[in-house]
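J.: Protein chains in written order, with this note's numbering: chain S, 1 to 318; chain E, 319 to 636. Using N, Cα and C, we set each Cβ at its ideal position, and we do this for glycine too.
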């Protein structure tokens with residue numbers, strides 16, 4: 001017999017980092033946390049639903065990682081330092097192997113980012129994983145979507161599009177052979193938390209790329225009351241993506257989702273500074289366009305303006 | 319056509335109270351919130367799953383209320399003032415009437431408690447509602463489960479058991495006629511937030527009664543390294559419950575769930591003080607027993623020790 005309390009004790013009681021600012025963690029009606037006086041609180045939540053965000057049978061270790069990573073990515077886009085997570089799991093049944101794998105995947109990433117699991121909820125239901133993540137940012141220093149100015153450079157971290165192709169492999173639409181790296185990009189997204197911290201003093205606006213670079217740049221531009229010109233030839237395409245997708249690689253980079261890279265706007269004069277810091281942060285950032293005054297996104301490729309219809313993944317597009 | 323962004327704008331953008339401490343609300347990657355320097359942050363989350371916590375076809379207005387109320391109750395048990403909520407909705411399809419009703423139920427309760435909806439998530443999936451609620455409590459003043467001492471009085475607010483019988487009506491196991499008030503107690507639980515604030519200076523330990531008074535008192539006692547003696551004859555039974563359940567009324571009061579009342583321990587010398595304040599808070603509190611040194615819960619009824627097997631609702635009891 002396993003009760004909810006026993007399951008929590010077995011799998012979740014000591015997940016993630018131990019933090020001295022957790023005054024009271026799992027086991028009471030709510031968690032008690034100490035927020036430093038000079039910091040603002042940053043709160044986000046994201047959900048993974050079986051059949052929507054992952055396939056039945058997906059590796060639980062990867063799900064534990066992803067459920068946290070997609071929230072870490074939101075905090076990265078705000079320039080925040082992650083601190084405390086709550087985990088709400090709807091499970092169809094008790095499956096010890098699944099729980100062990102999930103907890104291990106969550107734990108490894110939480111420890112890597114010094115995140116404590118401070119509470120949560122376990123209930124029976126169709127498999128769904130909701131993580132709430134709280135972080136901290138010095139007062140007034142958070143990155144937002146709406147700070148971009150006309151003329152600012154638009155940049156993206158890493159190599160967008162890889163995860164979208166990895167997802168196609170996971171969906172059985174492509175052979176896995178030769179695409180192991182792209183699958184890993186989908187299964188184990190790396191939230192750009194360190195980069196987000198560096199961007200606090202460089203970027204004018206920032207967003208995490210979860211629904212596709214084109215759609216998310218469009219959001220950043222609109223929030224900043226701007227439009228944008230993007231140079232398709234400047235998109236940073238990975239060798240693995242080019243090998244797997246050939247001439248369609250740029251379409252994955254623009255339209256694919258699940259990247260969890262950062263897209264940001266930056267005054268031109270910060271370009272040299274970014275180059276130095278991005279190397280330090282371990283992730284390449286590439287200039288791919290500029291904010292402009294006219295609304296909408298214009299794509300340039302080989303000297304011509306081109307059309308691109310994919311507008312990003314939306315859970316309620318009908 | 320409705321996108322996730324359009325649905326959020328239509329139904330959720332201005333839910334709840336407007337608060338000046340929301341530096342950035344819905345519409346960015348995360349919310350930015352100002353925590354006063356003398357306060358601790360209190361975080362909780364709770365989920366309602368269709369078929370588990372409510373029946374298919376349940377009134378959406380009631381669900382919007384309940385999803386927030388069950389979280390407010392957790393903060394009440396900590397003696398915290400609620401402040402900011404995140405809402406994660408898994409919806410099988412877009413149903414405007416449902417969304418309108420749900421949003422209205424959530425909104426009314428949020429405004430009543432000065433809670434701002436600061437963010438959230440909408441995705442397709444089997445109907446499931448997760449609310450994360452953040453509140454504030456003066457540093458070091460939070461109520462906990464583990465502060466009870468041998469000899470402390472045990473008390474409960476309101477009239478436990480009503481909601482459990484209301485649930486039986488909702489499940490079709492009892493006729494609704496004559497039980498409208500009990501159904502209302504299930505559909506629209508009142509979180510005891512004001513009482514929780516008053517208890518900060520009176521109670522030694524506190525817990526919210528969600529899984530049944532017996533089970534939750536047992537948790538409070540165990541967390542406080544105590545056992546308890548409960549006087550069944552002292553249970554505060556509502557007229558409506560006695561009318562509907564007759565001789566079994568006390569069993570509902572002890573074993574039913576979904577009460578969202580507060581159970582608490584209190585030094586004997588605070589009894590007069592409680593009587594005065596509880597009247598001010600608008601909810602009656604009743605002494606129903608004492609913490610004792612010996613582990614376990616002993617039930618007294620009509621001068622005898624009796625047995626009670628129901629140990630509370632557990633989502634993973636198998």
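If we count Cβ pairs, one from each stretch, closer than 8 Å, do we get three or more for the region 186-206 of chain S versus the region 73-80 of chain S?
T.: The region 186-206 of chain S vs the region 73-80 of chain S: in contact.
J.: Chain E partners of residue 132 of chain S, CB-CB under 7 Å?
T.: Here the neighbours are 363, 404, 450.
J.: At the 8 Å Cβ level, is residue 247 of chain S part of the contact set with chain E, yes or no?
T.: So, not an interface residue.
J.: Helix, strand or coil, according to DSSP, for residue 626 of chain E in the structure here?
T.: Looking at residue 626 of chain E - three-state DSSP - the assignment turns out to be coil, as it is neither helix nor strand.
J.: Do the region 178-185 of chain S and the region 122-134 of chain S meet, that is, are 3 or more Cβ pairs less than 8 Å apart?
T.: Cβ pair count under 8 Å is below three, so no.
J.: In terms of residues, what are the limits of the beta strand (DSSP E) holding residue 46 of chain S?
T.: Start and end: 39-49.
J.: Please determine, among S:237, S:206, S:302, the residue with the shortest C-alpha to C-alpha distance to residue 291 of chain S.
T.: Nearest of S:237, S:206, S:302 to residue 291 of chain S, Cα basis: S:206.
J.: Does any C-beta atom of chain A lie closer than 8 Å to the C-beta of residue 625 of chain E?
T.: Absent here is chain A; the protein component of the structure consists of chains S and E.
J.: Would you check if there are 3 or more beta carbon pairs closer than 8 Å linking the region 150-169 of chain S to the region 88-105 of chain S?
T.: They do not touch, by the three-pair rule.
J.: For residue 63 of chain S, I'd like the list of residues in its chain whose CB is within less than 7 Å of its CB, leaving aside the five on either flank, ordered along the chain.
T.: Only 48, 54, 102, 105, 129 meet the Cβ criterion.
J.: Residue 29 of chain S and residue 526 of chain E: beta carbons closer than 8 Å?
T.: For residue 29 of chain S and residue 526 of chain E, yes; Cβs fall inside 8 Å.
J.: Give me the Cα-Cα distance between residue 210 of chain S and residue 116 of chain S, rounded to the nearest whole angstrom.
T.: Cα to Cα, the separation comes out at about 24 Å.
J.: Restricting to runs no shorter than 3 residues, where is the beta strand (DSSP E) found entirely within the region 502-530 of chain E?
T.: For the region 502-530 of chain E, whole beta strand (DSSP E) runs of length 3 or above, ordered along the chain, are 523-527.
J.: Tell me which same chain residues have a C-beta within less than 7 Å of the C-beta of residue 141 of chain S, skipping the five on either side of it?
T.: So the qualifying residues of the chain are 79, 200.
J.: Return the residue from the list E:384, E:520, E:324, E:415 that minimises the CA-CA distance to residue 595 of chain E.
T.: Checked all of E:384, E:520, E:324, E:415; the closest Cα to residue 595 of chain E is E:520.
J.: Whose C-beta lies closer than 6 Å to the C-beta of residue 399 of chain E among residues of the same chain, with five residues either side of it excluded?
T.: Within the same chain, residue 399 of chain E has close Cβ partners 453, 454.
J.: By the 10 Å Cβ neighbour count, where 16 or more other Cβ atoms means buried, how is residue 269 of chain S classified, buried or exposed?
T.: Flag for residue 269 of chain S reads exposed.
J.: Residues of the region 406-421 of chain E with a CB closer than 7 Å to any CB of chain S: list them in chain order, please.
T.: Listed by position, the residues of the region 406-421 of chain E near chain S (Cβ gap below 7 Å) are 406, 408, 412.
J.: If you follow the beta strand (DSSP E) that residue 342 of chain E is part of, which residue opens it and which one closes it?
T.: 340-342 is the span of the beta strand (DSSP E), which, as asked, contains residue 342 of chain E.
J.: So what's residue 620 of chain E in DSSP terms, helix, strand or just coil?
T.: Residue 620 of chain E: coil per DSSP, three-state reduction.
J.: When DSSP labels each residue in this structure, what does residue 475 of chain E get in the three-state scheme?
T.: Here residue 475 of chain E sits in strand by DSSP.
J.: Taking DSSP as the reference, what is the three-state secondary structure of residue 95 of chain S?
T.: DSSP places residue 95 of chain S in coil when its eight states are reduced to three.
J.: Mind reading off the beta-carbon distance from residue 242 of chain S to residue 293 of chain S? Whole number of angstroms is fine, and I expect it under 8 Å.
T.: Rounded, the Cβ-Cβ distance is 34 Å, inconsistent with contact.
J.: With DSSP collapsed to three states, give me the class of residue 547 of chain E.
T.: Of the three classes helix, strand and coil, the one that applies to residue 547 of chain E here is strand, per DSSP.
J.: Use the C-beta contact count for residue 20 of chain S: other C-beta atoms within 10 angstroms, 16 or more gives buried, fewer gives exposed.
T.: By the neighbour-count rule (16 or more Cβ atoms within 10 Å), residue 20 of chain S is not buried but exposed.
J.: Cutting at 8 Å between CB atoms, please list the residues of its own chain near residue 363 of chain E, excluding the five before and the five after it.
T.: Answer for residue 363 of chain E: 389, 448, 449, 450, 451, listed in chain order.
J.: Can you give me the Cβ contacts of residue 191 of chain S inside the same chain, cut-off strictly under 7 Å, excluding the 5 residues immediately before and after it?
T.: Taken in chain order, the residues that qualify are 69, 72, 73, 76, 260.
J.: How would you list, in chain order, the residues of chain S whose beta-carbon sits under 7 Å from the beta-carbon of residue 340 of chain E?
T.: What residue 340 of chain E touches in chain S: nothing, since even the nearest Cβ is about 10 Å away.
J.: Inspect the beta-carbon positions of residue 39 of chain S and residue 138 of chain S and report whether they are closer than 8 Å.
T.: Contact flag set, yes.
J.: I need the DSSP call for residue 62 of chain S, collapsed to helix, strand or coil.
T.: Residue 62 of chain S falls in the helix class under three-state DSSP.
J.: Buried or exposed, going by whether 16 or more other CB atoms sit within 10 Å of the CB of residue 314 of chain E?
T.: The question about residue 314 of chain E has no answer here: the residues shown for chain E are numbered 319 through 636.
J.: Whose Cβ in chain S lies nearer than 8 Å to the Cβ of residue 332 of chain E?
T.: Chain S residues near residue 332 of chain E: none, gap ~18 Å exceeds 8 Å.
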